[in-house]
Amino acid sequence: MKSNLALLMIPVLPILVVLSFIGVSCSTKPSIQKPAPSAVGQERGLTELLEFARVQESGGKFDDAIRSNEEILARFAGESSTQDDRSFGELAQDNIKRLRCLKRRGPTSAKRLTLSELRRGLIRALNRIDHKRLMKFASCSFLVGPTDSEGFFVEPSTVIPELLGAIKKVKKWDTGDYDDESQARLQSEDGGTRHHLLLKKENKLGWIWYGYATGDPEVRDRIFEKTGLLIAPSPIPSPAPSPIPSPAPSPIPSPVPSPSPSESPSPPIPSPNA
0 MKSNLALLMI PVLPILVVLS FIGVSCSTKP SIQKPAPSAV GQERGLTELL EFARVQESGG
60 KFDDAIRSNE EILARFAGES STQDDRSFGE LAQDNIKRLR CLKRRGPTSA KRLTLSELRR
120 GLIRALNRID HKRLMKFASC SFLVGPTDSE GFFVEPSTVI PELLGAIKKV KKWDTGDYDD
180 ESQARLQSED GGTRHHLLLK KENKLGWIWY GYATGDPEVR DRIFEKTGLL IAPSPIPSPA
240 PSPIPSPAPS PIPSPVPSPS PSESPSPPIP SPNA
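Mapping of the sequence shown onto numbering that gives the first Met the number 0: position 44 corresponds to residue 43, and the numbering continues sequentially without gaps.
Below is the structure:
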């Protein structure tokens, strides 16, 4: 009987040895360390975040797009965009404001407006001081400045109250001579101050109201103060030009005359863009 038990235990011993070896090997397996992100990885992360935010916005998922821009603001705020002189942090802040505006507005079932329909609607809302209707016409990427090419993007909710205060005496609006296939205006004048409502055609939305331009610096300053910019940005002063050197005195004639050195004025220093 004992010999039979011994025979049964013989094949069990190698199995136990193998299992114990596997257990030791598994318990002593070193953990895999993930490499730290490199500069290239961070750049790729920024590109992915920008693309993800764009896709989520186009799909109406504004919360996800806002979170992506908040991450850009936290991680890449100091990096400069190659498209303009602004940083990715500044662009992300503008995008967050615009996305929150779109989220508050919600899905719109409004039909695509023609240019004449938009103009009639704006004039009616302006004459009635209809803040709510003006907000429906205004783009969430709203531009304010002295001209359409020197403007700054702000939230329309901060612009329209100041706009209504500035144009409360305006009684008549005209179309001006600015119309083309994709750009148009409504304009008026009040005591020498000109007001321009900037309109443009968007492929998916029809004609929209995207900005306000005025030559009145007080109106612009009030709007910028409401948006947190305090005052409208001023042009950068141009540096003083370098003095032009006086011509050297002519040399005393000699038997073998030599040509006088010519003096040319220093080239003007280009002024930085405002």
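Glycine included, C-beta positions come from ideal geometry on N, C-alpha and C.
Looking at the backbone, the Cα of L133 and that of I159 are separated by about 8 Å. I65 sits away from L90, with the two beta carbons spaced by 8 Å or more. Around the C-beta of H130, fewer than 16 other C-beta atoms lie within 10 Å, and the residue is accordingly described as exposed. When the Cα atoms are used, K167 and L48 turn out to be separated by approximately 44 Å. Within the model, the alpha-carbon separation for L198 versus W172 is close to 14 Å. In the displayed model, I166 falls within coil according to three-state DSSP, outside both helix and strand.
Taking C100 as the centre and dropping the five residues before and after it, the same chain places the C-beta of C139, E154, P155, S156 closer than 8 Å to its C-beta, in chain order.
Note on geometry: alpha-carbon atoms of T81 and R127 lie some 44 Å from one another. Within the region 79–154, the runs of alpha helix (DSSP H) at least 4 residues long that lie entirely inside it are, in chain order, 87–104, 114–126, 130–136.
In this structure F141 touches G210 by the C-beta definition: roughly 6 Å separates them, less than 8 Å. Checking the DSSP bridge columns, you'll see G205 partnered with L112, E201. Taking 8 Å as the upper bound for CB-CB distance, F61 and K102 are in contact here, some 4 Å apart. Under the DSSP assignment, A183 falls in the beta strand (DSSP E) whose first and last residues are 182–189.
Residue burial is scored here from C-beta neighbours: R184 has at least 16 other C-beta atoms within 10 angstroms and is therefore classed as buried.
Take the alpha-carbon of L114 and the one of R74: they are about 42 Å apart. With fewer than 16 other Cβ atoms from the protein chains shown falling within 10 Å of its own Cβ, R53 counts as exposed.
In the DSSP assignment, A76 falls outside any alpha helix (DSSP H) and carries neither an H nor an E. Note on Q182: under 16 other CB atoms within 10 angstroms of its CB, so exposed under the neighbour-count rule.
Rounded to whole angstroms, the gap between the alpha carbons of D189 and F152 is 24 Å.
Our two residues, E78 and F87, have alpha carbons roughly 6 Å apart in a direct line.
Within a 10 Å sphere around the beta-carbon of G175 sit fewer than 16 other beta-carbons, which makes this residue exposed.
The three-state reading of DSSP puts D62 in helix, counting H, G and I together. Shown here, T174 sits in coil according to DSSP, grouped into three states, outside any helix or strand. Sorting V143, A76, N94, R118 by C-alpha distance to the C-alpha of Q55 places N94 at the top.
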